[in-house]
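The structure appears below as structure tokens.
Numbering (the working numbering), first residue to last: 1468 to 1529.
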């Protein structure tokens, strides 16, 4: 991920039949173990880099 670019993050549900959730936002910071994204309405969400490595989260640039 690159700071300043917009992404749609899909977090996949756990367990049988689990649906994922989506978050759209701009990457505003990168820390050692996670990324911080900010939604256009101002709230922020953190995503662990380990979750992307294990396939629990997926990021698409929008």
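The beta carbon of each residue, even a glycine, is placed where N, CA and C say it ideally should be.
Output the distance between the C-alpha atoms of residue i and residue j, rounded to the nearest integer angstrom.
i: residue 1529; j: residue 1476; result: 10 Å
i: residue 1519; j: residue 1504; result: 14 Å
i: residue 1468; j: residue 1499; result: 13 Å
Give the secondary structure of residue i by DSSP, where H, G and I count as helix, E and B as strand, and everything else as coil.
i: residue 1431; result: Residue 1431 is absent from the structure shown; the chain starts at 1468 and stops at 1529.
Which word fits residue i, buried or exposed, when buried means at least 16 other C-beta atoms lie within 10 angstroms of its C-beta?
i: residue 1494; result: buried
i: residue 1510; result: exposed
i: residue 1513; result: exposed
i: residue 1492; result: buried
What residue range is occupied by the uninterrupted beta strand (DSSP E) comprising residue i?
i: residue 1470; result: Unbroken run through residue 1470: none, as it is neither H nor E.
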